[in-house]
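So the protein sequences, as listed, match chains E and Z.
When you line the first sequence up against the working numbering, it's residues 1 to 313, in that order.
When you line the second sequence up against the working numbering, it's residues 1 to 313, in that order.
Cβ coordinates follow ideal geometry from the N, Cα and C atoms, glycine included.
Contents: one structure, followed by commentary.
2 protein chains.
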Amino acid sequence: MPRILRIAAAQMGPNQRADTREAILARMLRLLEEAAGRGAQLVVFPELAFTTFFPRWLLEGAELDGYYETAMPNPAVQPLFSRARELGVGFYVGYAEMTAEGKRFNSAVTVGPDGTIIAKYRKVHLPGSVEPRVGDRFQQLEKRYFEYGDTGFPAFRGPAAWGGPVMGMLICNDRRWPEAWRVYALQGVELMVIGYNSAAYDPNGGSTENEEIRTFHSTLAAQGNAYMNATWAVSVAKAGDEDGSGLIGGSCIVDPNGVVVAQAKTLADEVVVADCDLDACRQGKEKMFNFAMHRRPEHYGRITGQTGAEVTV
Amino acid sequence: MPRILRIAAAQMGPNQRADTREAILARMLRLLEEAAGRGAQLVVFPELAFTTFFPRWLLEGAELDGYYETAMPNPAVQPLFSRARELGVGFYVGYAEMTAEGKRFNSAVTVGPDGTIIAKYRKVHLPGSVEPRVGDRFQQLEKRYFEYGDTGFPAFRGPAAWGGPVMGMLICNDRRWPEAWRVYALQGVELMVIGYNSAAYDPNGGSTENEEIRTFHSTLAAQGNAYMNATWAVSVAKAGDEDGSGLIGGSCIVDPNGVVVAQAKTLADEVVVADCDLDACRQGKEKMFNFAMHRRPEHYGRITGQTGAEVTV
């Protein structure tokens, strides 16, 4: 039986710092309705979908705390969970997580069509810095506001109604790290879902990158890693001018050949949909990227044996 | 001082099984002359440049043995080494190697402008099979004809005349394996040189791939890995209809953003040239892909801990 899953990338336009939770959730509900109306079974929302990308600001106290969810779901986001369940649609959504012990993570959950959380992931590759950069209007303080994810990269099985795909979650910067994809691929991943908030300039303080090249990088990372791991990839932005700081768009659905089959054209709320044949992963997994036949881990030692680059020649 | 190295990708058209060594070498000399005439300091030739891609045939005895080089250089290829030295041009070239102990490898060397071999590499990711596939006209018998490379992925320093780049070599199928690139990147690679012979159909016996998608894969692998490892990549084909079997072209020079800056347009002997600013690697290496700041090897254990995919969910 063909395993064809209709997936929506629900790109979001900006969430301004002044926007209420209710206004943001209402937009997400509209995206959900549109996606469901177009037959999507799984809707992928961005990273930190319920809030502005607050790591661009040096914050403390009540405003900072207010960006974290202390439970998932919770009353503020329950309408999304409830409506998705009514529609029989699952979703991926990213959010800032505060645990009962006070630990903070940049997290995402995948929710099944019955409204239950199937899997949770905490972002491993936190970009940015702990200390703010002096003189910069916009910061990238994820290393300050979050702990490194402690989940590793745990593949999970999507529901039978979706064709039972082996799935993985990544968040934003993770998608640029081939190690993350490979760890999932070594568990047989067929569908990678990813949300992001990526600045339209270099958030690390460089001066050589603009919106065009950064959108290209984002799409290229999804394409290259989808191909080399023989998996579908759905990579979804929060985009546009958020609090005066630009975010790239380019949300895309990429097939296991690395071909972009659908891509957002705006920097606003926008749904793009594709039918994803999960069995299209088989060609890569059984032939070119038959890992058991072709990988040579005895030569990969540096990947786990060292962290930084070591130039010795 | 800017470190700008002018590099030529010297794509070769097909080497027919019936072609003499002299005829093939004469074509390589013409490519070398053209590249040097256009100011190239480094010329990248394909994998198995001196012969046809003989792993497509089930061979034995004298014909098979005749495809291997028992020394490098040797009288048959000396004219290439000599002329390159006269021109003050270095090169990368792939060849079938037979050691004094009778071991066979799919190898490549990088030769400096003074004619000396700077570094040698033996292909780690051998595709194909040991046993021929019954009923197929064309085989992929690299696993039969070569041992797995025993060099690992050793970065080396290019000559001062080239700006002293940290370099790495890959051969063909290696370029599709992000582990190979990463091991080099963990040694600071700034310039990856690669030769390939890639079939225009699926050499593993699948039926879903054609020349277009396979050329796309080849370019995408160079782009995605160049970007994610913040390195230049020069990836060069033997192309066209060789012994009745198609080989893709698409030889390309890719910058550390993953952007193709030059690409061959034919399936024949063709030189493309680009000025490669080695310091363009710095943005990636110091910011987004600052490995020491951002990698999390504690979560990469499967990459070295297992070979094949293990689906357990």
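Residue pairing from DSSP places residue 246 of chain E in a beta bridge opposite E:241.
Of the candidates E:4, E:121, E:92 and E:312, E:92 places its Cα closest to the Cα of residue 31 of chain E. Sorting E:182, E:176, E:12 and E:33 by C-alpha distance to the C-alpha of residue 79 of chain E places E:33 at the top. Under the 8 Å Cβ criterion, the stretch 129-137 of chain Z does not count as touching the stretch 272-287 of chain E, having fewer than three qualifying pairs. A Cβ-Cβ contact shorter than 9 Å links residue 108 of chain Z with residue 195 of chain Z. Sequence-ordered contacts of the stretch 213-236 of chain E with chain Z read 213, 216, 217, 220, 221, 223, 224, 225, 227 and 228 [C-beta pairs closer than 8 Å].
The alpha-carbon of residue 138 of chain E is positioned some 9 Å away from that of residue 58 of chain E. With respect to the C-alpha of residue 9 of chain E, the residue from E:23, E:28, E:226 and E:43 having the closest C-alpha is E:43.
Taking a C-beta distance under 9 Å as the contact criterion, residue 291 of chain Z and residue 221 of chain E do not qualify as a contact pair. Below the 9 Å Cβ cutoff, chain E contributes 186, 187 and 188 as neighbours of residue 310 of chain Z, in chain order.
Separation of the CB atoms of residue 234 of chain E and residue 193 of chain E is rounded to 5 Å, and the pair is thereby assigned contact status at 8 Å.
Counted as a single uninterrupted DSSP element, the alpha helix (DSSP H) harbouring residue 215 of chain E occupies residues 211-228. The beta carbon of residue 181 of chain Z sits closer than 9 Å to some beta carbon of chain E.
Residues of the stretch 93-119 of chain E that bring their beta carbon within less than 9 Å of a beta carbon in chain Z are absent altogether.
Across the structure, residue 280 of chain Z and residue 231 of chain Z are spaced so that their CA atoms are roughly 8 Å apart. Residue 284 of chain Z sits in a helix when the DSSP states are folded into three classes. In this structure, DSSP gives residue 105 of chain Z an extended state, which the three-state scheme calls strand. For residue 78 of chain E, the enclosing alpha helix (DSSP H) starts and ends at 78-87.
Residue 46 of chain E is not a Cβ neighbour of residue 173 of chain E, given a cutoff of 9 Å. Comparing alpha-carbon positions, the option among E:182, E:171, E:162 and E:227 lying closest to residue 148 of chain E turns out to be E:171. With the rule of 3 Cβ pairs closer than 8 Å, the stretch 51-71 of chain E does not count as touching the stretch 296-308 of chain E. In terms of Cα proximity to residue 223 of chain E, the closest of E:265, E:178 and E:168 is E:178. Secondary structure of residue 232 of chain E (DSSP, three-state): strand. For residue 28 of chain E, the enclosing alpha helix (DSSP H) starts and ends at 21-37.
Residue pairing by DSSP places residue 112 of chain Z opposite no residue, since no beta bridge is assigned to it. For residue 124 of chain E, the residues of chain Z that pass the 7 Å Cβ criterion are 296 and 299, in the order they occur in the chain. In this structure, DSSP gives residue 146 of chain E a state outside helix and strand, which the three-state scheme calls coil. In terms of CA proximity to residue 157 of chain Z, Z:117 leads the group Z:82, Z:117, Z:210 and Z:136.
Note on residue 15 of chain Z: 16 or more other CB atoms within 10 angstroms of its CB, so buried under the neighbour-count rule. Chain order gives the chain E residues near residue 166 of chain Z as 311 and 313, where near means a beta carbon separation below 7 Å. Using a Cβ distance threshold of 9 Å, residue 264 of chain Z and residue 226 of chain Z do not count as a contacting pair. The beta carbon of residue 248 of chain E sits no closer than 9 Å to any beta carbon of chain Z.
Under the criterion of beta carbons closer than 8 Å, residue 7 of chain Z and residue 252 of chain Z do not qualify as touching, at roughly 11 Å. A check of alpha carbon separations from residue 144 of chain Z across Z:168, Z:305, Z:211 and Z:104 identifies Z:104 as the nearest. Shown here, residue 184 of chain Z sits in a helix according to DSSP, grouped into three states. Spatial neighbours of residue 25 of chain Z in its own chain (CB-CB distance under 8 Å, excluding positions within 5 residues in sequence) are listed in chain order as 50, 76, 77, 79 and 80.
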